[in-house]
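**Student:** What follows is a structure written as structure tokens; I'll ask about it next.
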Amino acid sequence: MLRSASLRLAALYTAAFAAAVIVLGAVTLVTTRTTLSQQFDARIQSESAALVREFRTEGLTGVVQAVQERDSTPGALDYGLQGPDGRPIAGRLAQARASPGWSEQRISQFGHEKIRTYAASLAGGYRLLVGGDDESIEAVDNLLAERFSLAILGVVVIGLVGGYGLSRGMGRRIAAITGAAEAIIDGDLSRRVPAAPRGDDLGRLAATFNRMLDRIGALMESLRQVSSDIAHDMRTPLTRLRSRLEASLQGPPGPVQAAAIEAALGDLDAILETFAALLRIAQIESGARRAAFQTFDLCAVARTVVDAFAPSAEEAGQRLTLEDGEPVVVDGDRELLTQMLVNLVENGLRHAGGQAQVTVRCRVQQGRAVLSVTDDGPGVPDAERERLFDRFHRLEASRSTAGSGLGLALVAAVAKLHGAEASLRNADPGLEAAVAFPRRS
Amino acid sequence: MKLLLVEDDRETAAYLKRALTEAGHAVDQAHDGRDGLLLAVGETYDVVVLDRMLPQLDGLAILRTLRAASVKTPVLLLTALDGIDDRVEGLEAGGDDYLVKPFAFAELLARVNALARRPPPQDVQTTLRVADLEMNLLRRTVVRAGQKIDLQPREFQLLEYLMRHAGRVVTRTMLLEAVWDFHFDPKTNIVETHISRLRGKIDRGHPGSLIHTLRGAGYSLREPD
Chain A
4 MLRSASLRLA ALYTAAFAAA VIVLGAVTLV TTRTTLSQQF DARIQSESAA LVREFRTEGL
64 TGVVQAVQER DSTPGALDYG LQGPDGRPIA GRLAQARASP GWSEQRISQF GHEKIRTYAA
124 SLAGGYRLLV GGDDESIEAV DNLLAERFSL AILGVVVIGL VGGYGLSRGM GRRIAAITGA
184 AEAIIDGDLS RRVPAAPRGD DLGRLAATFN RMLDRIGALM ESLRQVSSDI AHDMRTPLTR
244 LRSRLEASLQ GPPGPVQAAA IEAALGDLDA ILETFAALLR IAQIESGARR AAFQTFDLCA
304 VARTVVDAFA PSAEEAGQRL TLEDGEPVVV DGDRELLTQM LVNLVENGLR HAGGQAQVTV
364 RCRVQQGRAV LSVTDDGPGV PDAERERLFD RFHRLEASRS TAGSGLGLAL VAAVAKLHGA
424 EASLRNADPG LEAAVAFPRR S
Chain B
90 MKLLLVEDDR ETAAYLKRAL TEAGHAVDQA HDGRDGLLLA VGETYDVVVL DRMLPQLDGL
150 AILRTLRAAS VKTPVLLLTA LDGIDDRVEG LEAGGDDYLV KPFAFAELLA RVNALARRPP
210 PQDVQTTLRV ADLEMNLLRR TVVRAGQKID LQPREFQLLE YLMRHAGRVV TRTMLLEAVW
270 DFHFDPKTNI VETHISRLRG KIDRGHPGSL IHTLRGAGYS LREPD
């Protein structure tokens, strides 16, 4: 039970509140008692003063009469009058000790209750006593003590019951998180913390926890994807490389062997390139590059790329042109976006065939920066189009041509890193690949 | 030239040393970071070829220590890490160039040669001259044998890089990085096309050609043979 942090906390708070109530009670008690005692003393003194005045105006008989009158009134104080020789004259306190001033004494007549008395000296040696027992003060004391004890009991009970309930509630929600974490440790990566109906801190913790799990899941999935891609797609070229080298070993040394080795080197370079591209895509997908984003003109990048590739296209009988207007500012990774555009341009030039016209457009559409590459080649069947962004997916028609099948996968990864939308659509004729960036905030 | 090669993989180190020696360089070797640092500080070298991941002391730590000790020897970093951040980190630590493993030896040699004879930074040249070809960097004009040649801005940049490295081998990758700022290898042979266009403007109509293609290595701008 005490291993529950919330219950321990509740118990601690209950104890603290109980202590606070005790202190409050003590202060109240002392204050009440002091106030009541002062009022009691003031009453005795004012009575005493009234009787002293009575003695002065009416003489001894007046006082005796007044004392007897008061003694018979219920709820009044007690009075006593003694002669100069200490002989009792009148009143219930007549037998009490009468040293001048305040005193507290027990008198047999009153059942040995403690009586507080005030003695005043009158002219002629007479003594006047006024007093009473302060049982009413004690009664108030007792009442207060009793009520405060009940209050403390109430605080403790409410605190413990509330704390227990609270800790049960919290415990259940924390147990849900712990359970999800343990299920994940045991291998059930799809487990998530049940969503809390209330948006409180625990609910937010659960939501954050789930988002973290989603992210880890995505990273693991990408890792798994990369390793299976490598295993799957590297095997073919590596086997080809192996047989090429084996064949070259069998022949006699000479130009044929040298050519075989050179071809093997070429294969190896292609494999390394594919490998590097895969790792690069994985790195981009991990999102680590986002920290290095900068603001720059997308059209300047497009200009550099078109400027670099136009001569080669021209030599192949194709045309590569740029349509741009105002500078289009984006936040992103310049190097990756350059490579993305190069991949799109190379893709267009490679698949559109001779005489093709490839157009790069850089502009703002509906507030979003859009970079597009359009060719007038044969295009791509509708069913195939979306799958082009998958790793290693290649159109059957282009299986035999050069290329790793990773160019558009990299485009998709770079676009995703920038929160941009990469899409392919029929341009009738040809294909238009477009990347639409998010609105800048 | 005297080179220091710091590389922990003995096979790679032995191969590089043999090949660099064949290319006419004197090569000292270190197999771990500590020895490498001691040699680099103690001796004078024209270029240090430094592997990034080393036992004892890693390449970047050596580089930072060297630069902190005001050793200004040009350093070429060899690295298996080809992330953009890794490259930036290497260059910021004081590296002069980097080469991602695996690489072709021709690429390493070209980069080492380019580093060794890099002119000191305080030299501000306003005119570059190779044989009868002259480039004015301030007026951005190019003249060969008294004849003015019109170049596109990118062609001018390409020629400038070749002229600054005149007599040395310049690889495709070096040109992609220096002229287009492409830190990846496009499949299209754009360098070849641009060089052939430049050659058309520079060499056509002149008895000796200045731009030479070295098969499997790259290009070189030098006086006609």
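Protein sequences appear in the order of chains A and B.
The first sequence begins at 4 in the working numbering and counts up one residue at a time.
The second sequence begins at 90 in the working numbering and counts up one residue at a time.
Just so you know, even glycine gets a beta-carbon here, dropped at the ideal spot from N, CA and C.
Predicted model, so just to flag it, every value in this text is computed and none were measured.
With a floor of 4 residues, list each alpha helix (DSSP H) that falls wholly inside the region 115 to 199 of chain A, ordered by position along the chain.
**Tutor:** As far as the region 115 to 199 of chain A is concerned, its whole alpha helix (DSSP H) runs of at least 4 residues are 138 to 188.
**Student:** Return yes when the Cβ of residue 142 of chain B is within less than 9 Å of the Cβ of residue 162 of chain B, no when it is not.
**Tutor:** Not closer than 9 Å, so no.
**Student:** From residue 95 of chain A to residue 154 of chain A, what does the alpha carbon distance come to, in whole angstroms?
**Tutor:** Cα-Cα distance, rounded: 41 Å.
**Student:** Report the three-state DSSP secondary structure of residue 237 of chain A (helix, strand or coil).
**Tutor:** Residue 237 of chain A falls in the helix class under three-state DSSP.
**Student:** When DSSP labels each residue in this structure, what does residue 92 of chain A get in the three-state scheme?
**Tutor:** In this structure, residue 92 of chain A counts as strand in the three-state DSSP scheme.
**Student:** Near residue 1 of chain A, what residues of its chain come up, given a Cβ to Cβ distance below 6 Å and the 5 sequence neighbours on each side ignored?
**Tutor:** With chain A covering 4 to 444 only, the question about residue 1 of chain A has no answer from this structure.
**Student:** Can you tell me whether residue 187 of chain B is helix, strand or coil according to DSSP?
**Tutor:** In the structure shown, residue 187 of chain B sits in a strand (DSSP, three-state: E or B).
**Student:** State yes or no: is the beta carbon of residue 442 of chain A nearer than 9 Å to at least one beta carbon in chain B?
**Tutor:** Taking Cβ atoms only, chain B never reaches closer than 9 Å to residue 442 of chain A, which makes this a no.
**Student:** Checking the sheet assignment: what are the DSSP bridge partners for residue 299 of chain A?
**Tutor:** Answer is A/333.
**Student:** Does residue 253 of chain A have its Cβ less than 9 Å from a Cβ in chain B?
**Tutor:** No, its Cβ sits nowhere closer than 9 Å to a Cβ of chain B.
**Student:** Give the DSSP-derived three-state secondary structure of residue 16 of chain A in the structure shown.
**Tutor:** Three-state DSSP puts residue 16 of chain A in a helix.
**Student:** Measuring only between beta-carbons, confirm whether residue 311 of chain A sits less than 9 Å from chain B.
**Tutor:** Yes, because at least one Cβ of chain B sits closer than 9 Å to the Cβ of residue 311 of chain A.
**Student:** Using three-state DSSP, classify residue 104 of chain B as helix, strand or coil.
**Tutor:** Residue 104 of chain B falls in the helix class under three-state DSSP.
**Student:** Which chain A residues sit within Cβ distance under 9 Å of residue 243 of chain B?
**Tutor:** Correct list: 307, 310 and 311.
**Student:** Considering only the alpha carbon of each residue, which of A/384, A/80 and A/121 lies closest to residue 100 of chain A?
**Tutor:** Minimum Cα distance to residue 100 of chain A is reached at A/121.
**Student:** Give a yes or no on contact between the region 218 to 232 of chain A and the region 277 to 289 of chain A, applying the rule of three or more CB pairs nearer than 8 Å.
**Tutor:** As far as the Cβ criterion goes, the region 218 to 232 of chain A touches the region 277 to 289 of chain A, which means the pair count is three or higher.
**Student:** Since residue 276 of chain B is in the alpha helix (DSSP H), which residue starts that stretch and which ends it?
**Tutor:** Looking at the DSSP string, residue 276 of chain B is not in any alpha helix (DSSP H), and its letter there is neither H nor E.
**Student:** For a test of the three-state rule: what should DSSP assign to residue 289 of chain B, helix, strand or coil?
**Tutor:** Three-state DSSP puts residue 289 of chain B in a helix.
**Student:** Taking only beta-carbon positions, decide if residue 225 of chain A is within less than 9 Å of chain B.
**Tutor:** Residue 225 of chain A does not count as touching chain B.
**Student:** Below 7 Å between beta carbons is the criterion; list the residues of the region 277 to 301 of chain B that meet it against any residue of chain A, in chain order.
**Tutor:** So the list reads 277, 278, 279, 282, 283 and 286, given in the order they occur along the chain.
**Student:** Just to confirm before moving on: does the CB-CB distance between residue 152 of chain B and residue 166 of chain B stay below 9 Å?
**Tutor:** A contact, by the Cβ cut-off of 9 Å.
**Student:** With a 10 Å radius around its C-beta and 16 neighbouring C-beta atoms as the bar for buried, classify residue 316 of chain A as buried or exposed.
**Tutor:** By the 10 Å Cβ count, residue 316 of chain A comes out buried.
**Student:** Taking three-plus beta-carbon pairs below 8 Å as touching, is the region 141 to 151 of chain A in contact with the region 73 to 87 of chain A?
**Tutor:** Result no; under three Cβ-Cβ pairs closer than 8 Å.
**Student:** Just verifying my parser: in three-state terms, what is the DSSP assignment at residue 91 of chain B?
**Tutor:** In this structure, residue 91 of chain B counts as strand in the three-state DSSP scheme.
**Student:** Is it buried or exposed, residue 244 of chain B, if we count other Cβ atoms within 10 angstroms and call 16 or more buried?
**Tutor:** Buried.
**Student:** Would you list, in chain order, the members of the region 348 to 378 of chain A that have their beta-carbon closer than 9 Å to a beta-carbon of chain B?
**Tutor:** For the region 348 to 378 of chain A, which is checked against every Cβ of chain B, the residues closer than 9 Å are 348, 349, 352 and 353.
**Student:** What residues in the region 333 to 348 of chain A have a beta carbon less than 9 Å from any beta carbon of chain B?
**Tutor:** Of all residues in the region 333 to 348 of chain A, 336, 337, 338, 339, 341, 342, 345, 346 and 348 have a Cβ within less than 9 Å of some Cβ in chain B.
**Student:** Taking the DSSP output, what are the residues bridged to residue 375 of chain A?
**Tutor:** DSSP output for residue 375 of chain A lists A/364 and A/437 as bridge partner(s).
**Student:** Going by C-alpha to C-alpha distance, which of A/243, A/430, A/29 and A/228 sits closest to residue 380 of chain A?
**Tutor:** When only C-alpha atoms are compared, the closest one is A/430.
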